[in-house]
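Working notes, beginning with the structure itself.
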Amino acid sequence: MLKQLTQQDLFELFDRLAEQYHLLMPTLLTDGSRELMPWPGSKAAAIDGIIPSMAGEPIQRKPTSHFFPQTDPLVFLKPDGTVSVPQPPDKPLALCGLNREDLAAVAFVDRFFSAEPADDVYLAKRSGALLIGLSGHCGDGSHGDHFLPLAQGLCDIELIAEEPNEEKKEQEKQWLAVVYNAVGEQWLSGFAAGSPQRLELLRHKSVTMGHQQQELLQQASRLLQADQVPDSFWQEISSRCIRCGGCNFVCPTCTCFCVQDRTTTAGTQRSRIWDSCQLDAFMREASGHNPLGTELLRTRRRIHHKLVDDPKRWGEISCVLCGRCDRACPTGIGMVAVCEELVRRFTS
Amino acid sequence: MNGNKPSEMNATLTTCPYCGTGCNFYLLSGSDGRLSGVEPAAKHIVSKGRLCMKGWNAHAFVHHPDRLSTPQLKRDGALQDCDWDTALATVHQRLQAIADRHGPDSLMFFSSAKVSNEENYLMMKLARAGFSTNNVDHCARLCHSSTVVGLAETLGSGAMTNTLDCFDHTDLVFVIGSNTTEQHPLIGGRILQALRHDTKLLVADSRKIRLAQHANIHLRHHNGSDVALINGMMRQILVDGLEDRDFIARRTENFDALRDSLEPFTPEYVAAITGLEPQQIIDATRLYAGADNAMIVFAMGITQHSHGVDNVRALSNLALMTGNLGRPGTGINPLRGQNNVQGACDMGALPNVYTGYQQVADPQARLKFSTAWGKELPETPGLMATHAIEAAAAGSVRGMLIMGENPMLSEPNQTLVRKALENLDFLAVIDIFPTETAQLADVVLPAACYAERDGTYTSTERRVQRGRQAVETPGDARADWRILCDLLQRCGIKANYESPAQIMDEITTLTPSYGGISYQRLEGGHGLQWPCPDADHPGTPILHQEQCTRGKGRFSPTRYRPPKELPDEKYPLLLNTGRTAVHWHTGTMTRRSHLLHREEPHAFAEVNPQDAGQLQICDRQLIRVSSRRGSIQLKARLTERVPAGQIFIPFHFAEGAANVLTNNALDPESGIPEFKVCAVRVEPC
Ligand code: SF4
Ligand code: SF4
Chain A
298 MLKQLTQQDL
308 FELFDRLAEQ
318 YHLLMPTLLT
328 DGSRELMPWP
338 GSKAAAIDGI
348 IPSMAGEPIQ
358 RKPTSHFFPQ
368 TDPLVFLKPD
378 GTVSVPQPPD
388 KPLALCGLNR
398 EDLAAVAFVD
408 RFFSAEPADD
418 VYLAKRSGAL
428 LIGLSGHCGD
438 GSHGDHFLPL
448 AQGLCDIELI
458 AEEPNEEKKE
468 QEKQWLAVVY
478 NAVGEQWLSG
488 FAAGSPQRLE
498 LLRHKSVTMG
508 HQQQELLQQA
518 SRLLQADQVP
528 DSFWQEISSR
538 CIRCGGCNFV
548 CPTCTCFCVQ
558 DRTTTAGTQR
568 SRIWDSCQLD
578 AFMREASGHN
588 PLGTELLRTR
598 RRIHHKLVDD
608 PKRWGEISCV
618 LCGRCDRACP
628 TGIGMVAVCE
638 ELVRRFTS
Chain B
44 MNGNKPSEMN
54 ATLTTCPYCG
64 TGCNFYLLSG
74 SDGRLSGVEP
84 AAKHIVSKGR
94 LCMKGWNAHA
104 FVHHPDRLST
114 PQLKRDGALQ
124 DCDWDTALAT
134 VHQRLQAIAD
144 RHGPDSLMFF
154 SSAKVSNEEN
164 YLMMKLARAG
174 FSTNNVDHCA
184 RLCHSSTVVG
194 LAETLGSGAM
204 TNTLDCFDHT
214 DLVFVIGSNT
224 TEQHPLIGGR
234 ILQALRHDTK
244 LLVADSRKIR
254 LAQHANIHLR
264 HHNGSDVALI
274 NGMMRQILVD
284 GLEDRDFIAR
294 RTENFDALRD
304 SLEPFTPEYV
314 AAITGLEPQQ
324 IIDATRLYAG
334 ADNAMIVFAM
344 GITQHSHGVD
354 NVRALSNLAL
364 MTGNLGRPGT
374 GINPLRGQNN
384 VQGACDMGAL
394 PNVYTGYQQV
404 ADPQARLKFS
414 TAWGKELPET
424 PGLMATHAIE
434 AAAAGSVRGM
444 LIMGENPMLS
454 EPNQTLVRKA
464 LENLDFLAVI
474 DIFPTETAQL
484 ADVVLPAACY
494 AERDGTYTST
504 ERRVQRGRQA
514 VETPGDARAD
524 WRILCDLLQR
534 CGIKANYESP
544 AQIMDEITTL
554 TPSYGGISYQ
564 RLEGGHGLQW
574 PCPDADHPGT
584 PILHQEQCTR
594 GKGRFSPTRY
604 RPPKELPDEK
614 YPLLLNTGRT
624 AVHWHTGTMT
634 RRSHLLHREE
644 PHAFAEVNPQ
654 DAGQLQICDR
664 QLIRVSSRRG
674 SIQLKARLTE
684 RVPAGQIFIP
694 FHFAEGAANV
704 LTNNALDPES
714 GIPEFKVCAV
724 RVEPC
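If you read the sequences in order, they're chains A and B.
Using our numbering, read the first sequence as starting at 298 and increasing by one per residue.
Using our numbering, read the second sequence as starting at 44 and increasing by one per residue.
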C-alpha cells in the first residue's frame, strides 16, 4: 500500500495512533538533543508550538531502550514467598521516526531475544508494538541532500519525506507512506494514494547511496577473522579506554545485562540492568579470577563480538553503523574509528 | 512496581551529581515517578553526548532502599523516627542552647559541595545570621583549600583560569597530581583526544596513571617533593632563557625575589629530593617551556600536603614565568572535585568569606550583608573544618550541624574524628543515606538528593548550571533548602523563599561575580561562567586576560619542606590515598549503585610487586596496614601502578578505611590535611 500524506494528515494519523499506542515521536529537547518522546496530541502541539522534529540528526538514545530499558523490573518476591511479575503494558508502544540503521538494530535484537529460550520480558514490550520508519529528505545533512536511505520493510509503516520545495512552507511538506503489513494498512487505509513513480525515484536514489562504511566493517571483519591484527594494536587502543561503558550503553544491538536485587521490608525487587563488557567485573568470577581481566582483552572482545562472533552465530555483522559509539566515546575509539585505524594499518 | 507504562516517558535535563566537570544528562523516568536511566545531553557544551561510568549510573542510587525518609531523633541511645516539627525544633533549640551557654563559636556548621549554590548560601546565612558565628566550612577544606589560598595570593582568584574548551587548542598539557582520566574522566578523555592532534603531554605523578602511558615525559617524583621539582624547573627555565621576559615585565611583580629563591634548586639538588635523574628535570622543563601555549592541570596530588599552598604557589609562579596566562590553551587549572565544590566556595560556605569571596573581616562587606539580612554579623573569621574537628575533640566546639558530608570517612585520622563527634553535646546531620557520621547524630534529617530538587551548581570551569527535579523525595524527606529555610525562620531570619530561583535572586544582588546570573538565563542549558557581573554579560571563559584579578600577577617564592611524616624503620612504606574511577568519596552513593559497586566491591591497597615479594604477600591476599594512628585490613592488589616503597589506598571503603591511617598534619595556611603522605607498615594477615 502506498499513500500520500500532508503534514495535517500526519498529525491526524498520530492523534489516532496515540489512542491505542504509547506513541513516541522524535522531539527536540532543551539542549538540542533529538529524542523519542510522547506525542502530546496535535492540539497540545499547536498550543505549545511543539512540532515533532522529523528531520535532523539521528535520535540520541537508542530506540531499542524502549523494549530493553536501562532498568527493567523482572520479578517481585514477597517475604511470604509469593512472586509477581510486572503487568503487561496497558498499551503497546509505537515508535515513530526510526531510520534504517535503528530499524536494523531492532530487527537484530528481536532475533536475539526471540531465539529459544525466548525472552518474555523483552517480548512483553515488543509484541504488538508499531514501528514507523523515517526516510527520504529528512536526514542530518551527512548524506548529501539531507537524505535518509529507505528502510525497505524493516518497519510496519515507512514515512518518506518528499523533496522539500523552496516555495512550500514546512507545514505543507508532503510524505509518502509505504505500508508493509496488515496493521499498517488498518491505520492508513483512509488516506490518498501515493505516486508509485515518486517512490521509484526515491528508491533509486536510496540504492545508489549505499553505506560507504559497510565496506570498512567488512574489511575489518576479514582482517580479524584472518588473525591479522596483533595484540599490540589492541594494547594501544585499549590504553585509551577510560572504562565509561558508553560504547555499550548507546549501542542498539548490545543486549548484555546483569541482575540487581533490592530488598525492603515489603520484599525484593529483582531487575535487570544494562551491563558493559568494558567493565572489569563483567566476567570476573567470584574467586577473583577474570577471563577478561585486562583492558586489552575487553577492548578486543568489544570489536570481535560484533565483527567476528556475531557473523558466525547470526550470519551478519551486528554493527548497524548507527554512529552512536563513535559519538559517545570520550576518547575516540568507537567502532568506526577503530576499524578505520585497523584497516589502514593492517591491509597489506 | 514498575508496571504497565513505558519507563522512559519523561526526560529531565540536569547536571551530574559527581565530579566537577559539569556534564549534563537527561534523567529518564516513567509515569510511576521512578528513574529508569540516564542519557547524556547530545548538544551540551561539556558532555557532547558523553558521560563517564559514574554519570551513566547516576540514577542508580536514587531509589535505593537505604534512603532516609523520616526524621530521626536519638532516644534511649538509639535513633528513632519522629515528626519534622519535633526534629527541627530540637535542632534549633539544642544549637541555640549551646550558643547561649558557651558562645556562638562553640557551634560548627558543615556545608556541602554536593548541595546547590542556593543551599550553600542558606547554610552560611544560617551560621552567620542565624547563630552569629563564622564557623562554617565544607569539604573544600580537604581538597582545594590550598588552591584558593595560593591562587588568591598570586593571581587574585582561586578558580580555574581557563575553560575546558581550551584543551582543544593547546600545545601542551602539564598534568601534575591529577589522575584525570579517573577523577575527571571527560576532561581526561579530552586530553587523550588532544594528543591525537599533536598536543604534547607532560605528566608528573608517582603512580603510573593512564595519562602517563600517553605522556611524552612521565616524571615519577616522590610524593611531597613537588616544590623542589617545580622550583628546579623554573631555575632551569632561567638557565635556558626560556622565560617570557615581556610578560614578566608587563604583568607581574616580585620577580627578583623569586629568582633569588630558585638559586639552590640545581638539577642535581632537585634530583636528590625527588628521586628523578637530573636530565629528566631538564628535559621536562624544556618540554613545558618550549610550548607556545601550555596548560597546567592539577588536583589533590598538589593540594593535599602540609605544604599544599606552597605547591600551588610554585605552579602559579611557573605559569607566570612562562607567560602562560590569560590566553586560550594556557593557564593554571585546578580541577575541582565535587559537582559543586566551586559553588560552595563561591557561596561563602567558608569561615572567612561571604559570597564571591567578600571578606568577613572587611567592615564594608559585613555592613552589606548585615543590612541585607537584618542582623548584626560576627567579624572574626571562623574555624576551618579540620580545626573544628580538633576543637570538638578538645571540647571547645560542642554543637554541630553537618549537611551532606561524611567526615567519619573523609577526614584524616578517624580515631580523632570519632572522638570529636562523640564528644559533642549535640550533633545534627542532614543527609540522604545513614552514613557513618549520621550514626553518631542526635537528630538526622532526611534530605532530597540531586534528582529531587531544583538548584544551580558551579562546575570546575566556573560554569553555573541548573540542576532540575525529576522525581519526588522518598517518604517525608525534604529538599535541603526547605530544611534550611525552616531553621532560619526558627532563628528569626526571614526565609520564606518559594523556590531556589528566588534564593538565587538574593545571591545575585549580594555577589558581584554572580550579578548577571538568573534562572531565566540558565534555561538555555549551557550555563554561564562567572564572573558574569550583569544581565547582559556573556560570562567569562578565560580569567586574567588583560590583567590579573589582583592587578599584577605576584611571584611568591617558596622553599622546599618535606612532608610531616616520612617512612622510617618502624613504618617503612609511604601511604598515598585517593579514589578509584567508579566510586565517589565515602561511597554512600556509588556503593549503592549496582554496576559501580560490582566493579570495586572491596577495600584494597595497591602494592608494588617488589615490595610484595619482600613482604611475602600475593595478589588478593588479606593484609594488615598500620600507621601510628591505627590499623586496617584489606586486600592487596599487586601492580606496577605504584612505585616500590609506596602503597595506595582509596578512601571509599568504611570496612578498610584509609583515613584510619592518614595523618592529620595540616597546612598552616589552608588547614588541608596531608592525605598524600604518611608512613605505614604492611603485614600479611
Ligand atoms: S566508550 Fe570508549 S572509553 Fe568508554 S568504554 Fe567504550 S571504548 Fe572505552
Ligand atoms: S566526568 Fe564527572 S560530570 Fe561527567 S559524567 Fe563523569 S562524574 Fe559526571
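Note that the Cβ used here is the ideal one computed from N, Cα and C, for glycine as well.
Chain-ordered neighbours of residue i on chain A, where CB pairs are closer than 9 Å
i	result
residue 48(B)	319, 386, 387 and 388
residue 67(B)	328
residue 638(B)	542, 555, 557, 570, 571, 572, 573, 576 and 578
Top-ranked residue by Cα proximity to residue i, from the options
i	options	result
residue 619(A)	613(A), 400(A) and 489(A)	400(A)
residue 96(B)	626(B), 690(B) and 722(B)	626(B)
residue 325(B)	245(B), 148(B) and 200(B)	245(B)
residue 394(A)	512(A), 612(A) and 336(A)	336(A)
residue 252(B)	583(B), 388(B), 685(B) and 703(B)	685(B)
residue 331(B)	275(B), 197(B), 492(B) and 623(B)	275(B)
residue 365(B)	249(B), 306(B), 281(B) and 445(B)	281(B)
residue 235(B)	216(B), 249(B), 220(B) and 248(B)	216(B)
residue 241(B)	257(B), 248(B), 504(B) and 199(B)	257(B)
residue 562(A)	628(B), 107(B) and 321(B)	107(B)
residue 460(A)	435(A), 516(A) and 392(A)	435(A)
residue 320(A)	302(A), 360(A), 299(A) and 458(A)	360(A)
residue 487(B)	472(B), 133(B) and 501(B)	472(B)
residue 188(B)	87(B), 385(B) and 723(B)	385(B)
residue 248(A)	474(A), 600(A) and 605(A)	For residue 248(A) there is no data in the structure shown, the boundaries of chain A being 298 and 645.
residue 101(B)	723(B), 698(B), 694(B) and 635(B)	635(B)
Residues that residue i contacts on chain B, provided the C-beta gap is smaller than 8 Å
i	result
residue 312(A)	Chain B residues near residue 312(A): none, gap ~18 Å exceeds 8 Å.
residue 554(A)	Here the premise fails: no neighbours, minimum Cβ distance about 11 Å.
residue 614(A)	Residues of chain B passing the Cβ test: none, with the nearest at roughly 24 Å.
residue 539(A)	95, 224, 225, 228, 231, 232, 235, 253 and 624
residue 322(A)	The contacting residues do not exist; residue 322(A) stays about 12 Å from chain B at best.
Element boundaries [alpha helix (DSSP H), containing residue i]
i	result
residue 518(A)	509-522
residue 422(A)	417-423
residue 410(B)	406-416
residue 312(A)	304-317
residue 328(B)	321-332
residue 654(B)	652-658
residue 549(B)	543-553
residue 643(A)	632-643
residue 104(B)	From DSSP, residue 104(B) is part of no alpha helix (DSSP H); its letter is neither H nor E.
Within chain A, partners of residue i - CB distance below 7 Å
i	result
residue 86(B)	328, 329 and 330
residue 33(B)	Any question about residue 33(B) goes unanswered here, given that chain B covers just 44 to 728.
residue 641(B)	578
Chain-ordered chain B contacts of residue i [CB-CB under 7 Å]
i	result
residue 353(A)	Near residue 353(A) there are no residues of chain B at all, since even the closest Cβ is about 11 Å away, more than 7 Å.
residue 335(A)	52
Within chain D, partners of residue i - CB distance below 9 Å
i	result
residue 429(A)	Absence of chain D from the displayed structure is noted, the protein chains being A and B.
Residue span of the beta strand (DSSP E) that contains residue i, given as start and end
i	result
residue 403(A)	Residue 403(A) -> not in any beta strand (DSSP E); alpha helix (DSSP H) instead, spanning 397-411.
Proximal chain B residues relative to residue i, where beta-carbon distance stays under 9 Å
i	result
residue 629(A)	232, 235, 236 and 239
residue 365(A)	In chain order: nothing, as chain B lies at least about 11 Å away.
Runs of beta strand (DSSP E) lying entirely within the segment 455-513 of chain B, each at least 3 residues, in chain order:
If we require 3 residues or more, the beta strand (DSSP E) runs fully inside the segment 455-513 of chain B come out as 469-474, 486-489, 498-501 and 506-510.
Note to self: Tell me which residues of the segment 212-246 of chain B have at least one Cβ-Cβ distance to chain A shorter than 7 Å, keeping chain order.
What the structure shows: Flagged, chain order: 224, 228, 229, 231, 232, 235, 236 and 239.
Runs of alpha helix (DSSP H) wholly within the segment 174-259 of chain B (minimum 4 residues, chain order): Complete alpha helix (DSSP H) runs here, min 4: 183-186, 188-197, 223-226, 228-238 and 253-256.
Exercise. Check distances from the C-beta atoms of the segment 88-106 of chain B to those of chain A and list, in chain order, the residues that come in under 7 Å.
Key: Taken in chain order, the members of the segment 88-106 of chain B whose beta-carbon sits within less than 7 Å of a beta-carbon on chain A are 92, 93, 94, 95, 96 and 99.
**Study point:** Runs of beta strand (DSSP E) lying entirely within the segment 575-638 of chain B, each at least 3 residues, in chain order
**Key:** When DSSP assignments are scanned along the segment 575-638 of chain B, the uninterrupted stretches of beta strand (DSSP E) that are 3 or more residues long and fall wholly within it turn out to be 616-621.
Output, in sequence order along the chain, the residues in the segment 565-582 of chain B whose CB is closer than 9 Å to any CB in chain A. Of all residues in the segment 565-582 of chain B, the ones placed with a Cβ closer than 9 Å to any Cβ belonging to chain A are 566, 567, 568 and 569, in chain order.
| Of the residues that make up the segment 650-663 of chain B, which ones have a beta carbon closer than 9 Å to any beta carbon in chain A? | For the segment 650-663 of chain B, residues whose beta-carbon sits nearer than 9 Å to a beta-carbon of chain A comprise 662 and 663.
Could you name each continuous alpha helix (DSSP H) segment of 4 residues or more that falls completely within the segment 687-725 of chain B, going from the start of the chain to the end?
At a cut-off of 4 residues, not a single continuous stretch assigned as alpha helix (DSSP H) sits fully inside the segment 687-725 of chain B.
Exercise for review: Could you please tell me which residues of the segment 367-387 of chain B, in chain order, have their CB closer than 9 Å to any CB of chain A?
Suggested key: Result list empty, no residue passes.
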